[in-house]
């Protein structure tokens, strides 16, 4: 589904932060992306999300060469990828329901066609009572679940999550992991960037380990 | 698996059939009407939005005042030129061996016979005396002084007489009469009016430039608060055109509101001044002001200029927001 071949990344004229990355992410797969702070996890996620361009190498996403995509082409491809940010990035002036429905609204769909689906998903992530709540009054865990719901509502084939358990207690972290596992079972490939060893020990999955800019894959 | 296949359909029965990580949490029923999707993607009212409206309103007000003032100067200058250009004068000077009254009558007859003349009025001796009264005092007898006689010749508009032929005829039949077509005065008036209009237009252009820059910076400032929205829309797969259109529409409305408030205030102010002018009409001061500045009313051109500024401000605001969004998207992407 996604193939990296000898991908390198540098910011400006600085040293390469990612070097010779060669790996693939298959459909229906589940993997943790880990490594020490500053190893380049977020940069790699941004490459996977097409919000950064590599300084060298080839990235093939859904059978398309990422380097040859136009801006609109990247936007279209980005719709097949959901991303969960560590800081949630919910819009404070919109309700939980509206935040989760945003990707569908951007696609130009009428609300009547997706209302039941959004409500169902919000119930599934345990936010059934918080549908009309605004993000500022949600707890950290609720915000995280709303962000996950927003990332998956448009049925992405790949879900990227940047430190999804970084702001929650271990119990909630386990619950979030179960949520990602269930999403993976439904057919979505999942990449979770984390340096939470305990979380990774909870589930036997492929590990992509970044160390000094290089990637080591443990299947 | 098809990429277009809904996630909920990938699992038969939708999300409810998945093992629910939060199945131990109680979920309450929805409201009777369910959730509402009424919120605009870009918030309609924000502190930055109010500030932007205020900046646009103030700058449009100032630009409106300038445009109105320039419009009135142009109108007044045109009136001056028109008034002076519609008449010429014949001056009959006393000369040895000439009958001043006979020469005056002859000159008036020559003027009446010329084509393109609408009316000829010979100033009486009393009227001539009043003309020099400020310098020589009242109770003057023109018989004792060599005061020239004046003949005012009003011209038909669009068909001026042949001044050269008229001068020749006057020189032949009434040598003491000279024709003054006010050409030098009109030329000076035209130069003065042209200078006033050019200065006014220059000031208007400067005010418009400052307005455009102020509105652009204010729009950028308002946009800074909306950067998270741009980023989120980008991350959920919105095209640049979609993101730009959301902001452009919003800022077009903000710009139009500000422009309408400022431009409307300028129009109201001109209306108040015009009403006050009408109220004091007839007083010596008002008459002199009207002679100098015209009727002090905003003509159709003035109103059109202010309306054009309102539209311009709205467009500038929308364009500035679009450019700022595009720049933000360039940085994000």
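Protein chains in written order, with my numbering: chain E, 1 to 219; chain R, 220 to 552. Ideal Cβ placement from N, Cα and C applies to all residues, glycine included. On a predicted model such as this, the values are computed, not experimentally measured, just so you know.
Residue E:30 holds the alpha-carbon nearest to the alpha-carbon of residue 1 (chain E) among E:111, E:30, E:19. In the structure shown, residue 375 (chain R) falls within a coil segment according to DSSP collapsed to helix, strand and coil. Taking a cut-off of 8 Å on C-beta distances, the region 447-466 of chain R touches the region 85-95 of chain E, as three or more cross pairs fall below it.
In this structure, the beta-carbon distance from residue 409 (chain R) to residue 467 (chain R) does not fall below 7 Å. A Cβ-Cβ contact shorter than 7 Å links residue 368 (chain R) with residue 311 (chain R).
For chain E, the residues of the region 457-471 of chain R that bring a beta carbon within less than 7 Å of one of its beta carbons are 457, 458, 459, 461, in chain order.
Each of R:476, R:453, R:326, R:414 was checked against the Cα of residue 549 (chain R), and the nearest Cα belongs to R:453. By the criterion of at least three beta-carbon pairs nearer than 8 Å, the region 109-122 of chain E is not in contact with the region 279-287 of chain R.
The distance from the Cβ of residue 485 (chain R) to that of residue 525 (chain R) is about 6 Å, consistent with a contact at the 8 Å cut-off. Annotation for residue 165 (chain E): no alpha helix (DSSP H) segment contains it, and DSSP assigns it neither H nor E. Taking all protein chains shown into account, residue 349 (chain R) has fewer than 16 neighbouring C-beta atoms within 10 Å of its C-beta and is therefore exposed.
Among the residues of chain E, none has a CB under 9 Å from the CB of residue 275 (chain R); the nearest is roughly 22 Å distant. Neighbours of residue 37 (chain E) in chain R, taken as residues at a C-beta separation under 7 Å, are lacking, since the least C-beta distance is about 23 Å. The beta carbon of residue 197 (chain E) does not come within 7 Å of any beta carbon belonging to chain R, so the residue lies off that interface. Listed along the chain, the chain E residues whose CB falls inside 9 Å of the CB of residue 551 (chain R) are 51. In the three-state reduction of the DSSP assignment, residue 211 (chain E) falls in the strand class, which pools E and B.
With respect to chain E, the C-beta atom of residue 451 (chain R) has a partner C-beta closer than 7 Å. With a threshold of 7 Å between beta carbons, residue 146 (chain E) makes no contact with chain R. Residue burial is scored here from C-beta neighbours: residue 100 (chain E) has at least 16 other C-beta atoms within 10 angstroms and is therefore classed as buried.
Neighbours of residue 258 (chain R) in chain E, taken as residues at a C-beta separation under 8 Å, are given in chain order as 93, 94, 95, 98. Under a criterion of Cβ atoms nearer than 8 Å, the residues of chain R adjacent to residue 102 (chain E) are, in order, 260, 451, 452, 455. Rounded to whole angstroms, the separation of the alpha carbons of residue 5 (chain E) and residue 20 (chain E) is 7 Å. For residue 336 (chain R), the uninterrupted beta strand (DSSP E) run begins and ends at 336-341, by DSSP. Annotation: Cβ neighbours of residue 448 (chain R) in chain E (cutoff 8 Å, chain order): 91.
Here residue 439 (chain R) has 539, 543 as same chain residues with Cβ atoms under 7 Å from its own Cβ, once five neighbours each way along the sequence are excluded.
Here residue 458 (chain R) is near residue 75 (chain E), since their CB atoms are less than 7 Å apart. The continuous stretches of beta strand (DSSP E) do not include residue 109 (chain E), and DSSP gives it neither H nor E.
Judged by DSSP secondary structure, residue 310 (chain R) falls outside any alpha helix (DSSP H) and instead within the beta strand (DSSP E) spanning 306-311. From the listed residues R:354, R:288, R:320, R:355, the smallest Cα separation to residue 342 (chain R) is found for R:320.
A direct Cα-to-Cα measurement between residue 170 (chain E) and residue 139 (chain E) gives close to 15 Å. The C-alpha of residue 460 (chain R) is placed about 16 Å away from the C-alpha of residue 442 (chain R). Rounded to the nearest angstrom, the Cβ distance from residue 374 (chain R) to residue 326 (chain R) is 16 Å, too far for a contact under 8 Å. The beta carbons of residue 535 (chain R) and residue 434 (chain R) sit about 5 Å from each other, so the pair counts as a contact at 8 Å. Interface criterion met: the Cβ of residue 106 (chain E) is under 7 Å from a Cβ in chain R. Shown here for residue 8 (chain E): same chain residues with a beta carbon closer than 7 Å to its own, the five before and five after excluded, namely 16, 18, 19, 20, 54, 55, 56, 57 in chain order. If you look at residue 322 (chain R), you'll find it in the alpha helix (DSSP H) that goes 319-332.
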